[in-house]
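**Q**
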Amino acid sequence: MYTQFFNLKQPPFSIAPDPRYLYMSERHREALAHLLYGVNSGGGFVLLTGEIGAGKTTVCRCFMEQIPENCQLGYIFNPKLTVEELLLSVCDEFRITLAPQGAGAVSVKGYVDAINRHLLESHAQGRNNVLIIDEAQNLSADVLEQLRLLTNLETSERKLLQIILIGQPELRAMLARPELEQLAQRVIARYHLGSLSVEETGSYIGHRLAVAGAAGPAPFPRGLMQQVHQLTKGVPRRINLLCDRAMLGAYVENAQQVTRTILRRAAAEVFAGEAGPAAGRRVWPAIAAGVLAGAAVTATAAWQLMPRSAPPAVPAVPALALAGPAADKIRPGAAVAVVGASDARLAGAAGAAAIGTPASAAPGAAGGAAAQPAVAATSDAALRQMALLWGQTVAAGDFCPAAAKQNLRCLFGKGGLDDLRLLDRPAVLKLIDDPVAPRFAVLTAMDGQGATLELAGRRETVGLQALASRFDGSFITLWRTPRGWRDEISAGDHGPDVDWLAKRLAALSGASKPQENRPMDAQTQRLLREFQLSQNLKADGVAGPKTFIRLNQLGGVNEPRLLAAKPGVAVAGK
13 MYTQFFNLKQ PPFSIAPDPR YLYMSERHRE ALAHLLYGVN SGGGFVLLTG EIGAGKTTVC
73 RCFMEQIPEN CQLGYIFNPK LTVEELLLSV CDEFRITLAP QGAGAVSVKG YVDAINRHLL
133 ESHAQGRNNV LIIDEAQNLS ADVLEQLRLL TNLETSERKL LQIILIGQPE LRAMLARPEL
193 EQLAQRVIAR YHLGSLSVEE TGSYIGHRLA VAGAAGPAPF PRGLMQQVHQ LTKGVPRRIN
253 LLCDRAMLGA YVENAQQVTR TILRRAAAEV FAGEAGPAAG RRVWPAIAAG VLAGAAVTAT
313 AAWQLMPRSA PPAVPAVPAL ALAGPAADKI RPGAAVAVVG ASDARLAGAA GAAAIGTPAS
373 AAPGAAGGAA AQPAVAATSD AALRQMALLW GQTVAAGDFC PAAAKQNLRC LFGKGGLDDL
433 RLLDRPAVLK LIDDPVAPRF AVLTAMDGQG ATLELAGRRE TVGLQALASR FDGSFITLWR
493 TPRGWRDEIS AGDHGPDVDW LAKRLAALSG ASKPQENRPM DAQTQRLLRE FQLSQNLKAD
553 GVAGPKTFIR LNQLGGVNEP RLLAAKPGVA VAGK
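All you need for my numbering is the position in the sequence shown, starting with 1, plus 12.
(1) Measuring CB to CB, does P233 end up less than 8 Å from Q269?
(2) Would you kindly work out how many angstroms separate the C-alpha atoms of I178 and F75, rounded to a whole number?
(3) I'd like to know whether the C-beta atoms of L173 and A43 end up nearer to each other than 8 Å.
(4) Could you tell me the boundaries of the alpha helix (DSSP H) in which G214 lies?
(5) Could you work out which residue in V120, Q180 and Q397 is closest to K68 when comparing CA atoms only?
(6) Report the rounded CA-to-CA distance for Y203 versus D552, giving the unit in angstroms.
(7) Using a 10 Å radius around the Cβ and a threshold of 16 neighbouring Cβ atoms, would you call T559 buried or exposed?
(8) Alpha helix (DSSP H) containing Q537: first to last residue?
(9) Rounded to whole angstroms, what's the CA-CA distance from G55 to S524? Just pull it up for me.
(10) Are L85 and I144 close, meaning C-beta to C-beta below 8 Å?
(11) Enumerated in chain order, which unbroken segments of the beta strand (DSSP E) with a length of 3 residues or greater are wholly contained in the region 156-206?
(12) Pick helix, strand or coil for S486, following the three-state DSSP scheme.
(13) Using a C-beta cutoff of 8 Å, does L208 count as contacting chain C?
(14) Pull up the distance between the alpha-carbon of L476 and that of G460, whole angstroms please.
(15) Taking the runs of the beta strand (DSSP E) that are 3 residues or longer, which of them lie wholly in the region 241-289?
(16) How far does the alpha helix (DSSP H) with M76 in it extend, from its first residue to its last?
(17) Reducing DSSP to helix, strand and coil, say where V440 ends up.
(18) Would you decide whether N252 is buried or exposed? Buried here means 16 or more other CB atoms lie within 10 Å of its CB.
(19) Using only CA atoms, which one of S502, V510 and M259 lies nearest to Q16?
(20) In terms of residue numbering, what span does the alpha helix (DSSP H) encompassing F560 cover?
(21) Under the rule that 16 or more other beta-carbon atoms within 10 Å means buried, what is A356, buried or exposed?
(22) Over what stretch of residues does the alpha helix (DSSP H) that includes K426 continue unbroken?
(23) Using the rule of at least 16 other Cβ atoms within 10 Å of the residue's Cβ for burial, across every protein chain shown, is F18 buried or exposed?
(24) For D125, does the three-state DSSP call read helix, strand or coil?
(25) Just checking my contact of E500 with G567 at CB under 8 Å: how many whole Å lie between their CB atoms?
(26) Any idea which residues DSSP pairs G475 with across the strands?
(27) Could you give the C-beta distance for L401 and P450, rounded to a whole number, given that I count them as a contact under 8 Å?
(28) So if DSSP puts F57 in a beta bridge, which residue, or which two residues, is it bridged to?
(29) Exposed or buried, what is I175 when buried is set at 16 or more other beta-carbons lying within 10 Å of its beta-carbon?
(30) Do the region 144-156 and the region 92-101 meet, that is, are 3 or more Cβ pairs less than 8 Å apart?
(31) Are T493 and N419 closer than 8 Å when you measure CB to CB?
(32) In whole angstroms, what is the alpha-carbon distance linking A279 and C72?
(33) Taking just the CA atoms, how far does Y216 sit from Y263?
(34) Identify the continuous alpha helix (DSSP H) that holds G50 and give its terminal residues.
(35) Does W512 come out as helix, strand or coil in the three-state DSSP assignment?
(36) Should the region 404-419 be called in touch with the region 524-537, which here means at least 3 C-beta pairs below 8 Å?
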């Protein structure tokens, strides 16, 4: 209905599982890495849980596309089965021929014997068997115990059947029961897929719009991302429902961008039981019907006749309120990134708002919450002070886009002092001395006893324990990109950044100097994985910001450092 109005080729927020719209957040990548790790770890159980709509099926499909060629895959998506029905389904999935049983049904022993023969034959041929059970929270205790018994068959090196259980959070509670303790002890990898962060929510929306052919002004201003995240709890399926209805509202109002008012009304409709009174529940269907039927009242008039009993406005969120654990990779097109325990994750357009861009500067802010100029000014001043440590005076305007023009990238993080120690570079910290009005300080030095902060032009030395109690975990740092950097590098890529990466890896490993303008081949990817493993990074063979940062540090690149620094002085090089 609204696709032509927004110059789109197709609706961007359908809840149908279209592979063209695949978006892998950091949590999805980590979940996938756990599944791949489990397959290569010698059998047993791997557990993946997540809320409804969190993307478990998305991860599962990616995993199924990436399993090694020597793996035979079985997939059961309707686990409300008896023990006999489950065993029959396993035989069907692995194309196991049952031995003749004569008259009557096949016994449990008959199924198990056939499965065991198949597993032994597969092992002799160098093949592995992986069984995926979706919606595993519906499995009965008897069926779970039978699955455990199936994993008893093993060699001296590995179990012969790998079982992946995918389900909702209650699956974790099931496995915590005393009667399933033996199964729980065989879980070699487990991961709970959380919701998207604020930044990832913005990236997710931008990704789907781009796939749908969006061009020109974004229908969702970056200033709305906090509100979208709060209304949807960062769950992709809820984001789709809300954004689809919000774009319908913008179309009805003849608005090129969704406003906070439109967003609240959309939420009142799609989340009627959560977001507001019943009075507004029939608003959007009525509008849609009116548009489709060509009713006498115009769509704009119908919008004006809508009830004004909107749900309460979403409270303003502090400027640096970053949600969710830290992450790993940056997606193409990002100006800012988020980092933490792994490599980095995309912050997208919403990232600039997260560091304290005044609300009045964001498109569509007029109808939203009031700006927080004091907080924004403080964070902006701290960022510009940190840039001076890099010898850069960043132009006026949004800091991160302006810094990117000077080859400095913002990396947003959520973690602790240990994460900052690993990054080993100055960072802007969000301090919560006053939760109502948080302040931002530049962390310029840290050692085993204390840290040095620059706060509003004053230098302050604090103990690590005291700093940890004042620091909410949100931080921003800077990094300098190599020439031709493209957000992340993976197998098959080539260009100046690949040349830079290959030369650094070869030099560190003592390998011969690689030729230039060569694609990232198996040798370079092997060296990359070995390097990532040695540096406690995710060894996935994809080079993101933390990989580049660590390569710079080990290569002696002249850049500010955090550790072993004298108070107030940044350390350059090693």
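Even for Gly, the Cβ is constructed at its ideal location relative to N, Cα and C. The model shown is predicted, which means the values in this text are computed figures rather than measured ones.
**A** In short:
(1) yes
(2) 12 Å
(3) no
(4) V210 to V223
(5) Q180
(6) So the alpha carbons of these two residues sit roughly 17 Å apart.
(7) buried
(8) A534 to S546
(9) 38 Å
(10) yes
(11) 173-179 and 199-205
(12) S486: strand per DSSP, three-state reduction.
(13) The chain labelled as chain C is not found in the depicted structure, where only one protein chain is given.
(14) 8 Å
(15) none
(16) K68 to Q78
(17) strand
(18) buried
(19) M259
(20) P557 to L566
(21) In this prediction, A356 scores a pLDDT of 36, lower than 50, which makes its location untrustworthy; no coordinate-derived value is stated.
(22) Where K426 is concerned, there is no enclosing alpha helix (DSSP H), although the beta strand (DSSP E) it sits in stretches over L420 to K426.
(23) buried
(24) Helix, per DSSP.
(25) That belief does not hold up - the Cβ atoms of E500 and G567 are roughly 19 Å apart, past 8 Å.
(26) G462
(27) Rounded, the Cβ-Cβ distance is 22 Å, inconsistent with contact.
(28) For F57, which the question treats as bridged, DSSP gives the partners I175 and V199.
(29) Buried.
(30) Flag = yes, the region 144-156 and the region 92-101 touch.
(31) yes
(32) In this structure, the alpha-carbon of A279 lies about 29 Å from that of C72.
(33) 21 Å
(34) E38 to V51
(35) helix
(36) no
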